[in-house]
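A.B. asks: Please find one structure pasted underneath; my questions will follow.
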Amino acid sequence: MSRSVLITGGNRGIGRALAEAFLAQGDKVAVTTRNGGAPEGALDIRCDITDGAAVDAAFAEIEQAHGPVEILVANAGITRDTLVLRMSDDDWDDVIATNLTGSFRVARRAAKGMLRLRRGRIIFISSVVGLLGSPGQVNYAASKSGLVGMARSLARELGSRSITANVVAPGFIETDMTDVLPEEQKKAYQTQIPLGRFGAVEDIASAVTWLASDGAGFVTGAVIPVDGGMGMGH
Ligand code: NDP
1 MSRSVLITGG NRGIGRALAE AFLAQGDKVA VTTRNGGAPE GALDIRCDIT DGAAVDAAFA
61 EIEQAHGPVE ILVANAGITR DTLVLRMSDD DWDDVIATNL TGSFRVARRA AKGMLRLRRG
121 RIIFISSVVG LLGSPGQVNY AASKSGLVGM ARSLARELGS RSITANVVAP GFIETDMTDV
181 LPEEQKKAYQ TQIPLGRFGA VEDIASAVTW LASDGAGFVT GAVIPVDGGM GMGH
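Counting in full-length UniProt numbering, the sequence shown runs from 1 upward without gaps.
Structure below.
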């Protein structure tokens, strides 16, 4: 059955791979980004998730075209890395506004339709860093661990209506976000990955499409690491 799927941040990197994976399954996919450029076949919506009115307008457009969102993947995210003493209020606020508050805003709006449908899947893209911590990423790690508390609260709040809320915690995945890191830092990360390689966007798409599948209907409040073993035990 073709489901209404929304991927935030789906014009590149992990989000694009997610959108392509759901499209390949025959789902109706909407993608929201600031700059546009969704994959062929997806509904391409400009929507900055830090803007509440833009999020409401995006959902209205999706509901009109595809019906209420049944599967939400809150994927859009940014980094503003720097050591804590150099981290400005803006570095902190921008990351929290996008990664945490933006994800809350889309989850809240999606839950409205899912409650009426009495089913739904909410999937947050967190990070291994959310639970492990990482120097230079106080803002990012706080935003990503916040998603775990949010998902688990939603899982408890919405579970009686057959709505699941889960978290995927990627490790180091090769995308624009990680491409900008210095070579030395990349090598240091690689030594911490038992599988000895960086992840590909498809590794994340496999976990997310599984969480959205019928087979994962009894999985909620879970944090699924897809990190080559980097965060083992966390
Ligand atoms: P990219 O930087 O490649 O892509 C980020 C996406 O988010 C883009 O589509 C961008 O579109 C969108 N986006 C950013 N800010 C906003 C906003 N305010 N409103 C709407 N869309 C926005 O990132 P990745 O693909 O690497 O990462 C995707 C997710 O996975 C992020 O949440 C990231 O934190 C997480 N992650 C990534 C890891 C990695 O190693 N790559 C590891 C762990 C987690 P546009 O700029 O057009 O708005």
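The C-beta atom is built at its ideal place from N, Cα and C for all residues, glycine as well.
DSSP on Arg34, reduced to helix/strand/coil?
C.D. replies: Residue state, collapsed to three classes: coil.
A.B. asks: Whole angstroms are fine: how far does the CA of Gly67 sit from the CA of Asp44?
C.D. replies: Rounded to the nearest angstrom, the two C-alpha atoms are 15 Å apart.
A.B. asks: Using DSSP bridges, identify the partner residues of Ala74.
C.D. replies: DSSP, once it has assigned bridges, lists Phe124 as partnering Ala74.
A.B. asks: Whole angstroms is fine: what's the gap from Gly199's alpha carbon to Ala19's?
C.D. replies: Approximately 18 Å, taken between the alpha carbons.
A.B. asks: Using the rule of at least 16 other Cβ atoms within 10 Å of the residue's Cβ for burial, across every protein chain shown, is Val55 buried or exposed?
C.D. replies: By the 10 Å Cβ count, Val55 comes out buried.
A.B. asks: Would Gly130 pass as a contact of Ala76 if the rule is Cβ separation under 7 Å?
C.D. replies: It is not a contact, given that the beta carbons lie outside the stated cut-off.
A.B. asks: Can at least three beta-carbon pairs, one atom from the region 202-218 and one from the region 180-193, be found at a separation below 8 Å?
C.D. replies: No, the region 202-218 is not in contact with the region 180-193.
A.B. asks: Measure the beta-carbon distance from Ala165 to Leu154 and round it to whole angstroms, keeping in mind my assumption that it falls under 8 Å.
C.D. replies: Indeed they touch by this definition, with Cβ atoms about 4 Å apart.
A.B. asks: Taking buried to mean at least 16 other C-beta atoms within 10 Å of its own C-beta, is Pro225 buried or exposed?
C.D. replies: By the 10 Å Cβ count, Pro225 comes out buried.
A.B. asks: So, does the CB of Asp48 fall closer than 7 Å to a CB anywhere in chain C?
C.D. replies: Given the protein chain composition of this structure (a single chain), no chain C is represented.
A.B. asks: Are the CB atoms of Ser126 and Val167 within a distance shorter than 7 Å?
C.D. replies: Yes; because the gap between Cβ atoms is below 7 Å, this pair is in contact.
A.B. asks: Per the contact definition of three or more C-beta pairs closer than 8 Å, is the region 77-90 in contact with the region 28-46?
C.D. replies: Contact fails: fewer than three Cβ-Cβ distances are below 8 Å.
A.B. asks: Just to confirm my understanding: we take Gln192, look at its own chain, exclude 5 residues before and 5 after, and list those with CB closer than 6 Å. What are they?
C.D. replies: Excluding residues within five positions, the ones whose Cβ falls inside 6 Å are Met230.
A.B. asks: Just mark Pro39 as buried or exposed, buried being the case when its beta carbon has 16 or more other beta carbons within 10 Å.
C.D. replies: Looking at its Cβ environment, which holds 16 or more other Cβ atoms inside 10 Å, Pro39 is buried.
A.B. asks: Taking only the alpha-carbon atoms, compute the straight-line gap between Arg161 and Arg121 and give it to the nearest angstrom.
C.D. replies: The straight-line gap from Cα to Cα measures roughly 11 Å.
A.B. asks: When you measure from the CB of Thr209 to every non-hydrogen atom of ligand 2, does any distance come out below 6 Å?
C.D. replies: The model on display carries ligand 1 but not ligand 2.
A.B. asks: When burial is assigned at 16 or more other CB atoms within 10 Å of the CB, is Phe172 buried or exposed?
C.D. replies: Label assigned to Phe172: buried.
A.B. asks: Is Gly231 near ligand 1, going by C-beta to nearest heavy atom under 6 Å?
C.D. replies: For ligand 1, not one heavy atom lies less than 6 Å from the Cβ of Gly231.
A.B. asks: Restricting to Cα atoms, I'd like to know which of Leu100, Asp81 and Val148 is closest to Gly136.
C.D. replies: That would be Asp81, whose Cα lies nearest to the Cα of Gly136.
A.B. asks: Do Met177 and ligand 1 come close, with the Cβ less than 6 Å from some heavy atom?
C.D. replies: Yes, the Cβ of Met177 comes within 6 Å of a heavy atom of ligand 1.
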